[in-house]
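In the working numbering, the protein residues as written are 1320 to 1731. Using N, Cα and C, we set each Cβ at its ideal position, and we do this for glycine too. Just so you know, these numbers come straight off a predicted model, no measurement behind them. The structure appears right after this line, and notes come after that.
Structure, rendered in structure tokens:
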């Protein structure tokens, strides 16, 4: 039995106004090819299919097209909801997709058997039993009680999640016994576990209730396919509890390690191997840090770059200059290069120093123009043309006020 574990597609994401549609389309095409190459029997998507509960139409189209194309390979598809996904959105096509060898589990139902799925080989014979567990919302498992402290709520939710996993594990054991075949039992999950490495694009869940679920609370299944954390990793030094990570970098701090999916190979109930299938980079991205002089040197590497695929840049500048001044200078440096600056900011240390300096300043130490520029520098989303227009209008206002004062002085 061969399975592919993936998660956190976030179809429909806009990255600092940039669409990821082309990258997602290329990834889904690549994934279908991997299914064919490795003759995978099933693909498990452990949550966050979409980036929002109301994904744009092109994102739904990508999802539906993938289901159709995968169906031609004979591979099963199991889709689990994540915290970004809308239960209603996933359920609206659930019945239709079930006719295309696809099972969608959007929420926890009262009937546990609906979450215990039989995964088959391509020839239709049983290959594994899956405890298909989506993102678990506290209201799905426990009722809020008056007078509970924060720690009481946290413990109650942890125990409820552990009990849900245990109940499904027992149901999966019963199903395996019923089939009378030595099969692996696999569980899924979309949550944070203890000791994982997160990234800027991961949205915290269980805030105020459960920060992280302990790995030892999972039942003794043969593999746990997790989603929600965007960096591929094993949990708590285990071999069989893993996050597959997102297929594309969803924030610049995810660029340090290649993106991948996991390919699992079972013989009977025995896990033979877990191979990492590295995903190609479909959109080049890079972080650049340093002083303006250092950044200028680093930008030279793009002089002979591929103009057909501009590199998205995150530039962090170590300077005390106003952000508007930095924007003009960076725009000049990158004007002829095959790059797009999607994020420009001062370094964290410089921002802290700037804030500390401004806290010590008084209005008597600043000119009118200084105050205006300080306020304008906070408008990080304003483009250069808009900022230039605002400066022109401000200059006109100052001129009118100044002229008025001169006229009053002359009259006196």
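For residue i, count neighbouring Cβ atoms within 10 angstroms of its own Cβ and tell me buried if that reaches 16, exposed if not.
{"i": "residue 1401", "result": "buried"}
{"i": "residue 1628", "result": "exposed"}
{"i": "residue 1571", "result": "buried"}
{"i": "residue 1539", "result": "exposed"}
{"i": "residue 1573", "result": "buried"}
{"i": "residue 1418", "result": "exposed"}
{"i": "residue 1496", "result": "exposed"}
{"i": "residue 1556", "result": "exposed"}
{"i": "residue 1650", "result": "exposed"}
{"i": "residue 1434", "result": "buried"}
Where does residue i sit, in a helix, a strand or coil, going by DSSP?
{"i": "residue 1597", "result": "strand"}
{"i": "residue 1494", "result": "helix"}
{"i": "residue 1395", "result": "strand"}
{"i": "residue 1351", "result": "helix"}
{"i": "residue 1605", "result": "strand"}
{"i": "residue 1524", "result": "With a pLDDT of 46 at residue 1524, under the threshold of 50, the predicted position of this residue should be treated as unreliable, though the coordinate-derived value follows. Looking at residue 1524 - three-state DSSP - the assignment turns out to be coil, as it is neither helix nor strand."}
{"i": "residue 1441", "result": "coil"}
{"i": "residue 1636", "result": "strand"}
{"i": "residue 1652", "result": "helix"}
{"i": "residue 1408", "result": "helix"}
{"i": "residue 1322", "result": "strand"}
{"i": "residue 1482", "result": "helix"}
{"i": "residue 1688", "result": "helix"}
{"i": "residue 1513", "result": "coil"}
{"i": "residue 1368", "result": "coil"}
{"i": "residue 1534", "result": "helix"}
{"i": "residue 1456", "result": "coil"}
{"i": "residue 1720", "result": "helix"}
{"i": "residue 1711", "result": "helix"}
{"i": "residue 1424", "result": "strand"}
Residue i bridges to which residues according to DSSP?
{"i": "residue 1385", "result": "Per DSSP, none; premise fails for residue 1385."}
{"i": "residue 1562", "result": "1545 and 1552"}
{"i": "residue 1333", "result": "1338"}
{"i": "residue 1506", "result": "1450 and 1543"}
{"i": "residue 1592", "result": "1584"}
{"i": "residue 1435", "result": "1450"}
{"i": "residue 1579", "result": "1597"}
{"i": "residue 1631", "result": "1604 and 1659"}
{"i": "residue 1362", "result": "1323 and 1396"}
{"i": "residue 1665", "result": "1636"}
Flag this pair as yes or no: are the beta carbons of residue i and residue j separated by less than 7 angstroms?
{"i": "residue 1598", "j": "residue 1607", "result": "no"}
{"i": "residue 1632", "j": "residue 1605", "result": "yes"}
{"i": "residue 1507", "j": "residue 1551", "result": "no"}
{"i": "residue 1544", "j": "residue 1324", "result": "yes"}
{"i": "residue 1665", "j": "residue 1630", "result": "no"}
{"i": "residue 1532", "j": "residue 1510", "result": "yes"}
{"i": "residue 1502", "j": "residue 1423", "result": "no"}
{"i": "residue 1327", "j": "residue 1558", "result": "no"}
{"i": "residue 1330", "j": "residue 1369", "result": "yes"}
{"i": "residue 1453", "j": "residue 1416", "result": "no"}
{"i": "residue 1365", "j": "residue 1564", "result": "no"}
{"i": "residue 1560", "j": "residue 1534", "result": "yes"}
{"i": "residue 1601", "j": "residue 1658", "result": "no"}
{"i": "residue 1541", "j": "residue 1590", "result": "yes"}
Just to confirm my understanding: we take residue i, look at its own chain, exclude 5 residues before and 5 after, and list those with CB closer than 7 angstroms. What are they?
{"i": "residue 1595", "result": "1579 and 1581"}
{"i": "residue 1443", "result": "none"}
{"i": "residue 1371", "result": "1331 and 1403"}
If you drop the 5 nearest sequence neighbours on each side, which residues of the same chain put their C-beta closer than 6 angstroms to that of residue i?
{"i": "residue 1446", "result": "1320, 1360, 1438, 1439 and 1440"}
{"i": "residue 1526", "result": "Here residue 1526 scores only 33 on pLDDT, less than 50, and its place in the model should not be relied on; the value that follows carries that caveat. So no residue of the chain qualifies."}
{"i": "residue 1396", "result": "1362, 1389 and 1421"}
{"i": "residue 1410", "result": "1425"}
{"i": "residue 1475", "result": "1461"}
Can you give me the Cβ contacts of residue i inside the same chain, cut-off strictly under 8 angstroms, excluding the 5 residues immediately before and after it?
{"i": "residue 1798", "result": "Since the first residue shown for the chain is 1320 and the last is 1731, residue 1798 is missing from the structure and cannot be characterised."}
{"i": "residue 1355", "result": "1392"}
{"i": "residue 1610", "result": "1636, 1637 and 1638"}
{"i": "residue 1381", "result": "1330, 1340, 1343, 1344 and 1347"}
Measuring only from the beta carbon, is residue i closer than 6 angstroms to any heavy atom that is part of the ligand SAM?
{"i": "residue 1452", "result": "In the structure shown, the ligand SAM is absent, as is every other ligand, since no ligand is present at all."}
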